[in-house]
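Asks: Handing you a structure now.
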Amino acid sequence: MKPPPFEYHGPRDLGEALETLAAVGAHGKVLAGGQSLIPMLNMRLAAPAHLVDINRLAALAVVRETPAGVTVGALARHSEVARCGAHPLLAQALRLVAHPVIRNRGTVVGSLVHADPAAELPAVLAVLDGSVRLASVGGDGVPTDSVRRDGVQKDGVPRGGVRRDGVQRDGVPRDGGGGVVALPAGTAVRDVPAREFFTGPMESAARPGELAVSAHFPALGARTGTAFREVARRHGDYALAGVCAVVRLDEDLHIDAARVACIGVGPVPVVVDVSGVCERRPAVSVDWPAVAAAVRERTDPEGDVHASPVYRLHLVGVLAEQALREAAREAAA
Amino acid sequence: MTTKLFGEPVQRREDPRLLAGHGRYLDDLGSGALAVAFVRSPHAHARIRDIDVAPALDVDGLVAIYTWEDLPERVGRPLPLLIPHPALTHGRTAYPLARDVVRHVGEPVVMVVATDRYLAEDVCALIEVDYEPLKAVVGLEEAAHGAALVHDDVPGNVGAHLVQEVLSAAGRGAAEAIEAAPHTLAFRLDIERSASTPLEGRGVYARWDGTDLRVYSSTQTSTSVRMAIAAALGLPLPHVEVIAPDVGGGFGVKIVHPWPEEILVPWAAMLLGRELKWTEDRREHFIAAAHERGQVQHVRVGFDDDGRVLGLDVTILHDHGAYTPYGIIVPIITATQLLGPYRIGAYRVEFSAVYTNTVQVTPYRGAGRPQGVFCMERTMDKIARYLGKDRTQVREVNFIQPDEFPYDQGMIFQDGRPLIYDSGDYPRMLRMVKELIGWDDFRPAPGRGIGIGCYVEGTGVGPYEGGHVQITSDGRVHVSTGLTSQGQGHETVFAQIAADRLGVPIERVSVVTGDTRRFGYAVGTFASRAAVMSGNAIALACAKVREKALRIAGDALEADPADLTISEGLVHVAGSPSASIPLSTVAVLANPLRYAFDEETAKATQFAGTASPDRPPVAEGEEPGLEGRGYYSPIRSTFAAGMHAAIVETDPLTAEIKVVRYVVVHDCGKLINPMIVEGQIHGGVAQGIGGALYERMAYDADGQLQNASFMDFLMPYATEVPRIETGHLETPSPLNPLGIKGAGEAGVIPVSAVIASALEDAEGIEIDRMPISPSELFDLRGG
Ligand SMILES: Cc1cc2nc3c(=O)[nH]c(=O)nc-3n(C[C@H](O)[C@H](O)[C@H](O)COP(=O)(O)OP(=O)(O)OC[C@H]3O[C@@H](n4cnc5c(N)ncnc54)[C@H](O)[C@@H]3O)c2cc1C
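If you want it as structure tokens, here you go:
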């Protein structure tokens with residue numbers, strides 16, 4: 001369980017990182033927290049020729065909260081995002097992600113790009129209709145030979161300090177625009193909405209040469225509550241099935257809008273809008289079996305060594321009801 | 001007398017070292033060694049057509065590549081069958097490197113030596129092995145069907161077949177007794193595979209200096225590894241030393257030996273004249289070490305209106321994996337320990353150990369007992385359910401009574417000796433466990449159930465262990481024993497015994513285990529035997545040293561040794577501490593010297609006036625030094641026992657299972673250290689919870705292990721293990737001087753039975769297989 005040979009790049013700033021990524025193109029992989037990538041390398045399930053380590057890019061270690069929502073930079077660790085409690089649903093989801101040591105290194109953006117169908121954060125982005133900001137320079141025509149050699153280390157040992165305290169709740173955006181990360185001039189940027197970002201199991205819209213610099217989680221409106229429910233075999237494991245819910249109540253505390261995103265039951269987070277089935281009723285009198293059925297209808301779980309498809313299908317309905325009721329309670333509170 | 005230590009909860013002396021990261025495990029050694037890695041079979045069953053190493057030869061840092069054809073005759077032989085048995089008519093072991101057929105995924109095919117492990121794995125990835133896939137035999141039923149064979153020359157895949165039958169007092173066989181019984185039940189039980197999965201895998205580090213071979217191995221038996229290596233490499237035994245450094249868990253898998261790597265690494269180290277090291281990684285451990293537990297049992301039982309068992313007939317299909325290096329110890333233990341604390345009318349047990357194209361099966365903590373106990377305890381619960389009786393009542397009427405010991409179960413145990421229980425008090429133990437869990441006050445409710453499980457464990461099996469105790473001229477006590485430690489706390493309990501026996505503060509006692517340089521004769525650490533065997537051997541060695549110390553001190557103090565005692569390291573006349581001599585001085589006097597190297601030793605030189613001029617300095621029949629050796633070899637095993645009870649809750653919607661209380665009452669005879677016994681129980685219960693609710697080896701039909709990582713093999717975390725409440729009962733063993741029985745494996749043994757019992761109570765569904773996941777419980781509920 002040792003990785004196949006690769007060339008290690010430790011860019012010192014964003015510009016260098018983007019150039020390196022452009023140069024290595026499809027042969028490169030971004031190394032963020034390494035909590036998913038390193039195991040895949042060690043099991044030789046992935047064999048990129050180049051690793052571009054972004055851990056020195058302190059500018060990416062930011063979390064910014066504005067009325068529009070929370071923007072999380074690519075180097076913000078799970079634990080830092082959870083600690084600053086930026087977004088209620090993010091915080092609820094992060095409690096279910098892995099264990100403290102993994103959360104101390106794993107990044108929110110890395111988890112989104114990794115796009116595990118059982119991971120919590122993609123569902124959060126999906127249910128909130130958030131987006132991921134992808135940046136690149138040049139295009140991938142540059143031959144690998146021309147890779148800048150400074151900062152390249154072959155031994156795989158990252159050098160230099162990684163900023164540990166880089167989370168700022170209201171850092172001033174240096175680009176003066178919508179992003180929290182200042183991008184060098186000439187950088188191509190695209191914001192990809194969640195529904196287009198997750199393209200398959202472990203597949204996202206991020207292209208070779210692109211760096212996901214941040215993700216944006218839109219704020220909740222008034223009288224809106226959220227919840228995340230899942231069943232995992234062990235504490236902190238990836239879920240067998242999970243559901244996160246966002247419920248908005250009207251002034252009479254009847255359900256105005258209700259959305260869920262389900263994990264572990266499809267190739268990507270399955271978003272289901274159940275506002276219609278809730279029929280503008282108060283939570284107590286909603287036809288919950290009908291809601292569960294509507295959610296199950298949209299999912300198509302597979303079986304594995306941990307659970308059968310039938311059980312997962314059952315679970316997703318149960319969890320949808322639980323998450324929606326809890327979200328409705330929160331919205332009313 | 002020094003403060004009493006035996007029986008006290010002395011803090012584990014090894015913990016500061018191990019917890020602070022100062023342990024020295026196999027991979028902490030040999031930083032300059034070349035690295036070894038293996039190309040392992042990706043097929044469960046295949047013929048090797050060709051091995052092409054050419055594509056790998058250009059890798060920078062490659063040192064050597066070996067296949068079976070490169071091995072000399074001695075090294076290339078099939079590995080030894082460690083425990084032959086007449087019933088094992090078709091025992092088979094692997095070649096150290098596959099010869100022409102591979103029989104499970106993970107079998108070593110090519111050995112690679114390179115300057116580091118990364119490069120060694122790069123080389124492995126480039127070597128091309130051409131396989132002709134053969135039909136894989138997976139699963140007990142398919143194996144027993146015998147249509148496809150794991151070994152061409154083993155018909156029906158049956159390696160061993162054994163029947164034992166004990167007649168009832170009236171001379172009836174089981175079939176007849178069941179036939180004649182007022183009530184009968186018949187059912188089938190299934191137990192899945194699991195494995196020891198120590199946190200540290202296996203590993204071997206070898207150094208050859210041209211004359212002497214030193215091998216470090218993460219093993220449970222360094223003495224036997226040493227003999228195996230010497231034999232395989234044709235080296236004289238005195239030129240081979242084997243040391244078990246700190247070992248990060250064994251749980252049975254490291255008692256198997258020699259592993260292919262234990263032969264191949266030293267062999268190549270000698271050939272290359274270089275230090276070599278192989279450290280097993282997690283994936284290798286899953287697919288190339290050993291598993292256990294897999295059985296299917298068909299049970300028939302006849303009983304009377306009170307639930308008394310009149311006849312029991314159990315037919316076991318035991319999955320032995322691809323090879324039988326450890327013989328048929330596991331199914332033998334299942335068959336013989338199945339009876340537990342009960343006197344059964346007539347008993348017949350039959351097992352077939354069958355080969356499958358999966359990792360070989362060898363003992364894992366509990367070693368066949370969890371399956372036997374599952375069978376017996378499921379039987380008790382089913383009888384109670386059938387008769388509408390309380391489950392503990394049915395157990396009670398079947399118990400062996402305290403006045404019936406020694407109790408002969410009429411069978412032959414795993415040590416080849418009669419299965420005779422030495423002591424115990426099962427009715428009292430049941431009262432204790434019921435009280436602790438509140439059995440009589442428990443009110444069942446849907447989704448909430450209580451369960452119980454009882455077992456007897458033969459512990460402290462022979463043939464022997466030894467101990468060496470030496471007091472040096474600085475007053476320190478050095479204890480060594482040949483068996484090994486894997487975290488059990490031997491450094492503490494053996495020091496407690498020595499300090500107690502010799503009257504010295506425990507701080508002055510140090511303990512070394514598993515180092516053949518210090519002690520060459522030993523069997524190993526398994527079968528809950530270390531405390532019983534080495535504990536008693538060390539006590540016997542201490543008695544010799546003490547006797548000698550008192551004699552020498554008697555001379556010096558001009559007192560009768562019979563009037564002397566030792567406390568705080570001082571020998572003195574009992575009751576008058578004024579006339580005393582420190583043990584350090586006694587140690588000096590015990591070793592007459594010509595040359596002094598300090599003030600203390602000057603007392604033992606020829607002009608010091610301490611020796612009588614009329615006697616030889618070392619009297620006839622005496623030896624210099626204050627040291628002694630003791631060996632303990634019991635006539636047969638001692639029998640520990642325990643009863644566990646648990647309360648579980650199940651979620652009506654998600655079918656999740658939660659253990660809300662877990663209670664253990666345990667009897668291992670005299671307790672040397674109750675805290676260490678509790679620690680052993682906790683660890684065992686944790687593994688038991690794993691076996692009951694989480695762990696399985698998920699082989700697909702092609703013999704691929706689908707969950708060969710800690711991501712998917714669900715070893716429980718601390719968050720999944722309930723708080724464990726313990727009670728101790730002490731019925732001393734009459735078989736050994738210390739009155740102790742083993743405790744190492746106990747915790748794991750009845751857990752599956754207990755959880756099944758509680759789940760059945762909570763759900764009202766019969767639970768006949770383990771482990772059980774929420775998904776499976778959901779299915780059992782009818783989806
Ligand atoms: C034992 C264990 C349990 C876990 N349990 C859970 C769980 O319950 N739920 C859960 O959601 N996760 C779980 N994880 C995964 C964890 O959350 C990871 O941190 C996360 O999936 C990936 O984040 P990372 O920063 O470590 O990414 P890395 O491992 O560094 O990278 C993952 C992938 O994303 C790419 N990538 C990362 N960052 C970027 C970027 N900025 N731009 C472009 N590409 C990028 C990498 O190239 C790679 O392909 C677990 C991990 C472990 C080891």
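Here the protein sequences line up with chains A and B, keeping their order.
Numbering of the first sequence is given in the UniProt record's numbering, commencing with residue 1 and proceeding in unit increments.
Numbering of the second sequence is given in the UniProt record's numbering, commencing with residue 1 and proceeding in unit increments.
Each residue gets a CB set at the ideal place from its N, CA and C atoms; glycine is no exception.
Here the structure is a predicted model, which is why all the values come from computation and not from measurement.
Of the residues B:Gly366, B:Ala543 and B:Glu649, which one's Cα is nearest the Cα of Gly458 (chain B)?
Replies: Reading the second sequence from its first residue, position 458 is the one you call residue 458 (chain B). Here the closest residue by C-alpha is B:Gly366.
Asks: Taking only beta-carbon atoms, is Asp130 (chain B) less than 8 Å away from chain C?
Replies: This model lacks chain C altogether, as its protein chains are A and B.
Asks: Work out the CA separation of Ala212 (chain A) and Arg64 (chain A) for me, nearest whole Å.
Replies: Reading the first sequence from its first residue, position 64 is the one you call residue 64 (chain A). Reading the first sequence from its first residue, position 212 is the one you call residue 212 (chain A). Their backbone Cα atoms lie some 16 Å apart in a straight line.
Asks: Closer than 7 Å by beta-carbon distance: list the chain B residues that pair up with Lys2 (chain A), in chain order.
Replies: Counted from its first residue, the first sequence places residue 2 (chain A) at position 2. Those are Arg117, Tyr118 and Glu121, listed as they occur along chain B.
Asks: To be precise: take each residue of the segment 296–308 of chain A, compare its Cβ to all Cβ atoms of chain B, and keep it if any distance is under 9 Å. Which residues remain?
Replies: Here the close residues are Gly303, Asp304, Val305, His306, Ala307 and Ser308.
Asks: Residues in the segment 688–699 of chain B with C-beta within 8 Å of chain A's C-beta atoms, listed in sequence order?
Replies: Residues Tyr694, Arg696 and Ala698.
Asks: Quick check: is any heavy atom of ligand 1 less than 7 Å from the C-beta of Lys548 (chain B)?
Replies: In the second sequence, residue 548 (chain B) corresponds to position 548, counting from 1. No, the Cβ of Lys548 (chain B) stays beyond 7 Å of every heavy atom of ligand 1.
Asks: Which residue comes first and which comes last in the alpha helix (DSSP H) that contains Gln371 (chain B)?
Replies: Walking along the second sequence from the start, residue 371 (chain B) turns up at place 371. That run of the alpha helix (DSSP H) goes Arg369 to Leu387.
Asks: Starting from His235 (chain A), find everything on chain B with Cβ-Cβ shorter than 8 Å and list it in chain order.
Replies: To locate residue 235 (chain A), count along the first sequence from 1; it is residue 235. Residues of chain B passing the Cβ test: Tyr717, Thr719 and Glu720.
Asks: Are the C-beta of Glu656 (chain B) and some C-beta of chain A separated by less than 8 Å?
Replies: In the second sequence, residue 656 (chain B) corresponds to position 656, counting from 1. It does; some Cβ of chain A falls within 8 Å.
Asks: Could you check what DSSP says for His490 (chain B) in three-state terms: helix, strand or coil?
Replies: Position 490 of the second sequence, counted from the start, is the residue given in the question as residue 490 (chain B). His490 (chain B) falls in the helix class under three-state DSSP.
Asks: Cβ closer than 8 Å: which chain B residues qualify as neighbours of His314 (chain A)?
Replies: Mapped onto the first sequence, residue 314 (chain A) falls at position 314. Neighbours of His314 (chain A) on chain B, chain order: Phe778 and Gly783.
Asks: Only counting the same chain, and skipping five residues up and downstream in sequence, which positions put a Cβ closer than 8 Å to that of Val225 (chain B)?
Replies: Here residue 225 (chain B) corresponds to residue number 225 of the second sequence, with the count starting at 1. Once the five neighbours on either side are set aside, the close Cβ partners of Val225 (chain B) are Val215, Ser217, Thr219, Val242, His257, Pro258 and Glu262.
Asks: From B:Cys542, B:Asp152, B:Gly449 and B:Phe187, pick the residue whose C-alpha is nearest to that of Arg378 (chain B); which is it?
Replies: Taking the second sequence and counting its residues from 1, the one referred to as residue 378 (chain B) is at position 378. Closest by alpha carbon: B:Phe187.
Asks: In whole angstroms, give me the CA-to-CA distance for Thr654 (chain B) and Arg234 (chain A).
Replies: Counted from its first residue, the second sequence places residue 654 (chain B) at position 654. Counted from its first residue, the first sequence places residue 234 (chain A) at position 234. Cα to Cα, the separation comes out at about 14 Å.
Asks: Would you say the beta carbon of Tyr238 (chain A) comes nearer than 7 Å to a heavy atom of ligand 1?
Replies: Here residue 238 (chain A) is taken as the residue at index 238 of the first sequence, counted from 1. For ligand 1, at least one heavy atom lies less than 7 Å from the Cβ of Tyr238 (chain A).
Asks: Does any CB atom of chain B fall closer than 8 Å to the CB of Val109 (chain A)?
Replies: Position 109 of the first sequence, counted from the first residue, corresponds to residue 109 (chain A). No, its Cβ sits nowhere closer than 8 Å to a Cβ of chain B.
Asks: Could you list which residues in chain B have their beta carbon closer than 8 Å to that of Pro48 (chain A), in chain order?
Replies: As a first step, residue 48 (chain A) is located in the first sequence; it is residue number 48 there, counting from the start. Per Cβ cutoff of 8 Å: no residues; Pro48 (chain A) is ~15 Å from chain B at best.
Asks: Using beta carbons (cut-off 8 Å, strictly below), is Pro67 (chain A) in contact with chain B?
Replies: Mapped onto the first sequence, residue 67 (chain A) falls at position 67. Cβ-Cβ to chain B under 8 Å: no for Pro67 (chain A).
Asks: Going along the chain, which unbroken runs of the alpha helix (DSSP H) with 4 or more residues stay wholly within the segment 650–730 of chain B?
Replies: Complete alpha helix (DSSP H) runs here, min 4: 674–689.
Asks: Is Ala228 (chain B) near ligand 1, going by C-beta to nearest heavy atom under 7 Å?
Replies: Taking the first residue of the second sequence as position 1, residue 228 (chain B) is located at position 228. No, the Cβ of Ala228 (chain B) stays beyond 7 Å of every heavy atom of ligand 1.
Asks: By DSSP's criteria, Asp408 (chain B) is part of a beta bridge. Which residues make up the other side?
Replies: Working through the second sequence from its first residue, we reach residue 408 (chain B) at position 408. Looking at the DSSP assignment, Asp408 (chain B) forms a beta bridge with B:Ile420.
Asks: Does any residue of chain B bring its CB to less than 8 Å from the CB of Val167 (chain A)?
Replies: Start at 1 with the first residue of the first sequence, and residue 167 (chain A) comes out as number 167. Legend: pLDDT at Val167 (chain A) = 35, less than 50; position of this residue unreliable, no value from coordinates given.
Asks: Using a threshold of 8 Å, state whether the C-beta atoms of Ala219 (chain A) and Ala332 (chain A) are closer than that.
Replies: In the first sequence, the residue the question calls residue 219 (chain A) occupies position 219. In the first sequence, the residue the question calls residue 332 (chain A) occupies position 332. Contact flag unset, no.
Asks: Ligand 1 and Ile38 (chain A): does any heavy atom of the ligand fall closer than 7 Å to the residue's C-beta?
Replies: Taking the first residue of the first sequence as 1, we reach residue 38 (chain A) at position 38. True, at least one ligand heavy atom lies under 7 Å from that Cβ.
Asks: In chain A, which residues lie with their C-beta within 8 Å of the C-beta of Ser773 (chain B)?
Replies: On the second sequence, position 773 is the one that residue 773 (chain B) refers to. By Cβ distance, chain A contributes Arg233, His306 and Ala307.
Asks: Of the choices B:Gly156, B:Pro734 and B:Ser222, whose alpha-carbon is the least far from that of Ile635 (chain B)?
Replies: Taking the second sequence and counting its residues from 1, the one referred to as residue 635 (chain B) is at position 635. Comparing Cα-Cα distances from Ile635 (chain B) to each of B:Gly156, B:Pro734 and B:Ser222, the minimum goes to B:Pro734.
Asks: For a test of your reading of the model: does the CB of Ser111 (chain A) fall under 7 Å from any non-hydrogen atom of ligand 1? Yes or no.
Replies: Numbered from its first residue, the first sequence carries residue 111 (chain A) at position 111. Checking every heavy atom of ligand 1 against the Cβ of Ser111 (chain A), one is found closer than 7 Å.
Asks: With 8 Å as the threshold, decide whether the Cβ of Tyr8 (chain A) is near any Cβ in chain B.
Replies: One-based indexing of the first sequence puts residue 8 (chain A) at position 8. No, no contact with chain B.
Asks: Does Arg325 (chain A) come out as helix, strand or coil in the three-state DSSP assignment?
Replies: Counting from one through the first sequence, the residue named residue 325 (chain A) turns up at place 325. Arg325 (chain A): helix per DSSP, three-state reduction.
Asks: How big is the Cα-Cα spacing for Val247 (chain B) and Gly575 (chain B)?
Replies: For the purposes of this step, residue 247 (chain B) is identified with residue 247 of the second sequence, where counting begins at 1. For the purposes of this step, residue 575 (chain B) is identified with residue 575 of the second sequence, where counting begins at 1. Roughly 45 Å between the two C-alpha positions.
Asks: Would you say Asp711 (chain B) touches ligand 1, meaning its beta carbon is less than 7 Å from a heavy atom?
Replies: Start at 1 with the first residue of the second sequence, and residue 711 (chain B) comes out as number 711. Per the sequence shown, residue 711 (chain B) should be read as Met rather than Asp. Flag set: Cβ of Met711 (chain B) near ligand 1.
Asks: Report whether the distance from the Cβ of Lys29 (chain A) to the nearest heavy atom of ligand 1 is below 7 Å.
Replies: The count along the first sequence starts at 1 and reaches residue 29 (chain A) at position 29. Yes, the beta carbon of Lys29 (chain A) sits closer than 7 Å to at least one heavy atom of ligand 1.
Asks: Would the beta-carbon of Gln337 (chain B) be found less than 7 Å away from any heavy atom of ligand 1?
Replies: Against the second sequence, residue 337 (chain B) aligns to sequence position 337. Gln337 (chain B) Cβ: outside cutoff for every heavy atom of ligand 1.
Asks: To which residues of the same chain is Glu678 (chain B) closer than 7 Å at the C-beta, ignoring the five residues directly before and after it?
Replies: Position 678 of the second sequence, counted from the first residue, corresponds to residue 678 (chain B). Taken in chain order, the residues that qualify are Thr726.
Asks: Along chain B, which residues have their Cβ under 7 Å away from the Cβ of Val310 (chain A)?
Replies: To locate residue 310 (chain A), count along the first sequence from 1; it is residue 310. Chain B residues near Val310 (chain A): Gly783.
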